[in-house]
Structure formats: C-alpha cells, structure tokens
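Trainee:
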C-alpha cells in the first residue's frame, strides 16, 4: 500500500478515535495529528481541513469498493449497501451527519447521491426535461431520511429501515392512485 494511503488511513483512524469522546467541532487538526504522531504539515499535505478528511473516509471505505462493481450503482443493492455501511459506522456518522456547515459531509453526500440518482433516472427515464427535479427530490429525501434514521437512539437495522422506506413509497403511490 502506498505511503500516502497509509498516512491518510492513520489520520482517519485518529479522527475516528477522537470522535468517540469529543464532538466534531471540538476536534482540531493538531489533536488529530498528535493522536497518530504526525506533524500538522503531513495533514495539510493530504487534506485541506478535517471536513475533507471525513469525505475521504467515506470515499475510501464506501465509494471505492462500490466503483469496483458499477452494476450496483442505481439499484436496490446499492441502497442496501450504503445503509449497511452507515449502520455499521453509525457512531461516526451520527456525529458527522449532524454538521450542516459549508463543506460538511452532508454536502459531499448530497453531491455523491445526485450523481447516483442521475445515472439511475437516466437509465429508467431516458432523457427527460425535468430530470433535475427527480434527482433533487430523491437526494434530499434520502439524506434527510438517513440522517433521521442514523441519529435515532434505537436505530433500526438496515433491512427494517429499507422495508419501511419501501412501504412508505408504496403507500404514497397507492393513495395517489386511489385519489384519481
């Protein structure tokens, strides 16, 4: 494994460890570096700030493995995988998804999901005039729902969470159909 990846992983592990007992906004780059015995200069060589480190963690742990199997993106299996990932790492993501500042992980996740939903809707709807509406609607709904689910004290397992999401969508479709 290249040394730069090892350095990034060490910084990521330090941030994760610090987040077990400190809120994200109280953690400094200096503390992250001290935790893994590195200099601040090493941190800034790889990341512009701790928000970029959080984004890298998601990219390294979830996005990169997903890119190895692009057929999953835009399918139910993708939702199962992302929900399982957030559930398995819920202590970390409870804290970072609660941040709504500029350059936050929520912003990064929104851009990522927009790309996923774009690909999905292009595949099933083709080229339609209002595709951006669909993308924004599903991105916002998914982020809001995931945030609420992950931050819940009694966080459902991903299977139950996705079953409830599926049920909500079906109830909405059926009730709209009955109102015609």
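In full-length UniProt numbering, the protein residues as written are 1 to 180.
We put the beta carbon where it would ideally sit given N, CA and C, even for glycine.
The structure presented is a predicted model; accordingly, all values stated were derived computationally and were not measured.
#1: What residue from 14, 97, 133 has the CA that sits closest to residue 148's CA?
#2: Alpha carbon to alpha carbon, how far is residue 24 from residue 7?
#3: Using the rule of at least 16 other Cβ atoms within 10 Å of the residue's Cβ for burial, across every protein chain shown, is residue 137 buried or exposed?
#4: Use the C-beta contact count for residue 133: other C-beta atoms within 10 angstroms, 16 or more gives buried, fewer gives exposed.
#5: Can you grab the Cα-Cα spacing for the pair residue 90 / residue 151, in whole Å?
#6: For the alpha helix (DSSP H) that contains residue 133, what are its first and last residues?
#7: Put residue 7 into one of helix, strand or coil per three-state DSSP.
#8: Quick check: does the Cβ of residue 125 come within less than 7 Å of any heavy atom belonging to the ligand FMN?
#9: What three-state label does DSSP hand residue 68 in the structure shown?
#10: What residue ranges within the stretch 33-107 form continuous beta strand (DSSP E) runs of no fewer than 3 residues, ordered along the chain?
#11: Could you compute how far the alpha carbon of residue 99 sits from the alpha carbon of residue 62?
#12: Grab me the residues of residue 95's own chain with a C-beta within less than 8 Å of its C-beta, minus the 5 sequence neighbours each way, in chain order.
#13: Given this structure, state the Cα-to-Cα distance separating residue 13 from residue 101, to the nearest angstrom.
#14: Should residue 54 and residue 40 be called a contact, given that it needs their Cβ atoms to be closer than 8 Å?
Mentor: According to the structure shown:
#1: Here residue 148 refers to the residue found at position 148 when the chain shown is read from its first residue. Ranking 14, 97, 133 by Cα distance to residue 148 puts 97 first.
#2: Counting from one through the chain shown, the residue named residue 24 turns up at place 24. Counting from one through the chain shown, the residue named residue 7 turns up at place 7. Answer to the nearest angstrom: the Cα atoms are 20 Å apart.
#3: The residue you call residue 137 lines up with position 137 of the chain shown. Answer is exposed; the Cβ neighbour count stays below 16.
#4: Position 133 of the chain shown, counted from the first residue, corresponds to residue 133. Classification of residue 133: exposed, given that the 10 Å Cβ count is below 16.
#5: Indexing the chain shown from 1 puts residue 90 at position 90. Indexing the chain shown from 1 puts residue 151 at position 151. Whole-angstrom Cα-Cα distance: 8 Å.
#6: In the chain shown, counting from the first residue as 1, residue 133 sits at position 133. From DSSP, the alpha helix (DSSP H) with residue 133 extends over 131-151.
#7: Stepping through the chain shown from its first residue, residue 7 is reached at position 7. Correct three-state label for residue 7: helix.
#8: For the ligand FMN, the structure offers nothing, since it holds no ligand at all.
#9: Start at 1 with the first residue of the chain shown, and residue 68 comes out as number 68. Correct three-state label for residue 68: coil.
#10: none
#11: For the purposes of this step, residue 99 is identified with residue 99 of the chain shown, where counting begins at 1. For the purposes of this step, residue 62 is identified with residue 62 of the chain shown, where counting begins at 1. If I take the Cα positions, the gap works out to 20 Å.
#12: Here residue 95 refers to the residue found at position 95 of the chain shown. For residue 95, where only same-chain residues beyond five positions count, the Cβ hits under 8 Å are 19, 23, 24.
#13: In the chain shown, residue 13 corresponds to position 13, counting from 1. In the chain shown, residue 101 corresponds to position 101, counting from 1. Going from the Cα of residue 13 to the Cα of residue 101 covers about 23 Å.
#14: As a first step, residue 54 must be located in the chain shown, where it is residue number 54. As a first step, residue 40 must be located in the chain shown, where it is residue number 40. The Cβ atoms of residue 54 and residue 40 lie no closer than 8 Å to each other.
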